[in-house]
Amino acid sequence: MKYEPHIIWISVESLRADHTTMGGYERNTTPNLNEISNKKKGNYFDNCFCQSMWTPAVTASILTGTYLSRHRLGIDGTADDIIPSDLDTLPEIFEAEGYETGCFSPNPYLSPATDLDRGFEDFHWLTLDRPQDFGLISTLKYLSRVNSYGPGITIDRQRHNLSYILTEGAKQWLRRSSDQVFLYLHIGNPHHPYLPPKAWRDAFTDEIELTTEKAMEISADIFEDNNSIKKTIANGCNLSASEWEAIKAMYDAEILFADHQIGELFDYAKSVLDDEVIFIITGDHGELFGEGGVIGHNLILHDAVTNVPLVIYGFPDLDTTQSDFIQHIDITRTVASLIDADREQFQGTDLHSRSPKFTISQRGIAHLDAYINHNPDFNIDRYHSNPITAIRSTSFKYQATRDQRELFVLPDESRDVINEYDEVTEQFEEHLQKISNWKMTDTDKESNGEFTEAMEDQLKDLGYL
1057 MKYEPHIIWI SVESLRADHT TMGGYERNTT PNLNEISNKK KGNYFDNCFC QSMWTPAVTA
1117 SILTGTYLSR HRLGIDGTAD DIIPSDLDTL PEIFEAEGYE TGCFSPNPYL SPATDLDRGF
1177 EDFHWLTLDR PQDFGLISTL KYLSRVNSYG PGITIDRQRH NLSYILTEGA KQWLRRSSDQ
1237 VFLYLHIGNP HHPYLPPKAW RDAFTDEIEL TTEKAMEISA DIFEDNNSIK KTIANGCNLS
1297 ASEWEAIKAM YDAEILFADH QIGELFDYAK SVLDDEVIFI ITGDHGELFG EGGVIGHNLI
1357 LHDAVTNVPL VIYGFPDLDT TQSDFIQHID ITRTVASLID ADREQFQGTD LHSRSPKFTI
1417 SQRGIAHLDA YINHNPDFNI DRYHSNPITA IRSTSFKYQA TRDQRELFVL PDESRDVINE
1477 YDEVTEQFEE HLQKISNWKM TDTDKESNGE FTEAMEDQLK DLGYL
């Protein structure tokens, strides 16, 4: 009999590995994820790496099993195009095998605008501009709990987050499902601005100098929009110790809230799905708090933004240990192989046989003029305008652009030592030639994406525009 488990993949926005309980963080931010990882069928992996630094590129890699240099979504630095039609998506693969496929996303980069809805029979893009799409039950539940799971009564869209509505919608979808399911969820917390729901705001503020209200105000101001974020970076991320404390306390509180929602969904899914269920829970990418002179998830491929937590549950016969390297695209290939649906396009490794020796992350073009407009003295040389490929081993990280190469001895990602390690550099360069294919011309675009006004408003709220 063919093995056909239920698959639930949960990507958590902007979740860096070292801010989780499993990653040894000082705060217990992810008690539910930790509990899942410690179950008999659960595992946690320290060295999971995403394939880029922001949602459109990362999600395209997850859903196609390819690097940015292949799917090209975000390669122009704007993500205003769509994924190539010659790439199958993971939901298309599962749909072809008879699975019921569903997705819930509060991010326009995972929507029909980028064609990443392809293959999902039931796709839900959630936005406050279209509350009618939430479903009556989810809406009424949220309104009844807006003083705990929301910000209270306010028309400020940034202070309402959709994670509660998303997980409630997912529960209803699971309850209605009749076949084997492939469900993909994009949890919107802890994306900036870090404004946790009321019931979670005070989770860690007793450990900081400032009040909860002041911490919320600082986070809202610094991450108000794309312009505010770029201004902070251009001026050297010159924040006081108490401001950094406040921002991290709000970020961690949002993680705790996301963890709560995931824990409830995990228990619910286990109760309504009769057959075996496999869970993949990971950060889509991490987040920067001054590393490399950057905040948010911009410009650089530092470990803080590429090393993400990975909790899996129910996976059979993986040939991996907790410390092995795993890439998102390795999980994609491994999941497809469970139902004998491997594809030639996949660039990852099937983890049933081995784990990769290197991890690869890529970034597209960086538009640096916006930073210079805020500060003419901003040092753009350290960030590179051309696309970057970063190859990471246990001890080194090798970064390559069209015309420049850098080598770092980890964990130090600030001092270039390329002239000190000729043999190591040569090995990385050989590996680079096997995977890199940068063609940065307009003719490479298959089609431009079409973002509605509501989508653009949501992207502004998230600090992208």
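Residues 1057 to 1521 in the working numbering are what the sequence shown lists, from first letter to last.
In this text, a Cβ means the ideal position worked out from N, Cα and C, and glycines have one as well.
- DSSP lists 1105 as the bridge partner or partners of residue 1383.
- Annotation: the stretch 1210-1267 contains the following complete segments of the alpha helix (DSSP H) (minimum length 4 residues), in chain order: 1219-1232.
- Look at residue 1378 here: in three-state DSSP terms it is coil, with no helix or strand label.
- Annotated three-state conformation of residue 1462 is strand, per DSSP.
- Non-local C-beta neighbours of residue 1412 in its own chain, meaning closer than 6 Å and more than five positions away in sequence, comprise 1381, 1405, ordered along the chain.
- CA-to-CA, the gap between residue 1301 and residue 1400 works out to about 47 Å.
- DSSP places residue 1335 within a strand segment (E or B) once states are collapsed to three.
- Residue state for residue 1350 is assigned as coil, using DSSP reduced to three classes.
- Proximity of the stretch 1176-1186 to the stretch 1150-1164 meets the contact definition, three or more beta-carbon pairs being nearer than 8 Å.
- Nearest Cα to residue 1349 within the set 1425, 1223, 1289: 1289.
- Note that the C-beta distance between residue 1321 and residue 1261 is not below 8 Å.
- Here the alpha carbon of residue 1335 sits roughly 5 Å from the alpha carbon of residue 1064.
- The alpha helix (DSSP H) runs lying completely inside the stretch 1286-1343 and spanning 4 residues or more are 1297-1328, given in chain order.
- According to the DSSP assignment, residue 1445 belongs to no alpha helix (DSSP H) but to the beta strand (DSSP E) extending over 1444-1448.
- When DSSP reads this structure, residue 1180 sits in a beta bridge with 1160.
- Counted as a single uninterrupted DSSP element, the stretch harbouring residue 1453 is not any alpha helix (DSSP H) but the beta strand (DSSP E) occupying residues 1452-1456.
- For residue 1145, there is no enclosing alpha helix (DSSP H), since its DSSP letter is neither H nor E.
- Under the criterion of beta carbons closer than 8 Å, residue 1121 and residue 1338 do not qualify as touching, at roughly 14 Å.
- In the DSSP assignment, residue 1419 is bridged to 1444.
- Pairwise C-beta distances place the stretch 1344-1364 out of contact with the stretch 1388-1397, as fewer than three of them are shorter than 8 Å.
- By the Cβ test, the stretch 1270-1288 is not in contact with the stretch 1314-1330, since fewer than three Cβ pairs between them sit closer than 8 Å.
- Here residue 1434 carries a coil assignment [DSSP, helix/strand/coil].
- Here residue 1396 is exposed. Its C-beta has fewer than 16 other C-beta atoms within 10 Å.
- With fewer than three CB-CB distances shorter than 8 Å, the stretch 1133-1147 does not count as touching the stretch 1211-1226.
- Assignment of beta-bridge partners to residue 1068 by DSSP yields 1243, 1339.
- Selection 1294, 1313, 1422 evaluated against residue 1257 yields 1313 as nearest (Cα-Cα).
- Residue 1363: member of the beta strand (DSSP E) spanning 1363-1369, first to last residue.
- DSSP places residue 1092 within a helical segment (H, G or I) once states are collapsed to three.
- In chain order, 1463 place their CB closer than 7 Å to the CB of residue 1477, counting only its own chain and leaving out the 5 sequence neighbours on each side.
- In the three-state DSSP reduction, residue 1193 falls in the helix class (H, G or I).
- With a 10 Å radius around the Cβ and a threshold of 16 neighbouring Cβ atoms, residue 1456 comes out buried.
- Here the C-alpha atom of residue 1247 lies approximately 30 Å from the C-alpha atom of residue 1465.
- Under the DSSP assignment, residue 1116 falls in the alpha helix (DSSP H) whose first and last residues are 1111-1120.
- Within the model, the alpha-carbon separation for residue 1469 versus residue 1439 is close to 12 Å.
- In this structure, residue 1420 sits near residue 1130, with a CB-CB distance shorter than 8 Å.
- Around the C-beta of residue 1370, 16 or more other C-beta atoms lie within 10 Å, and the residue is accordingly described as buried.
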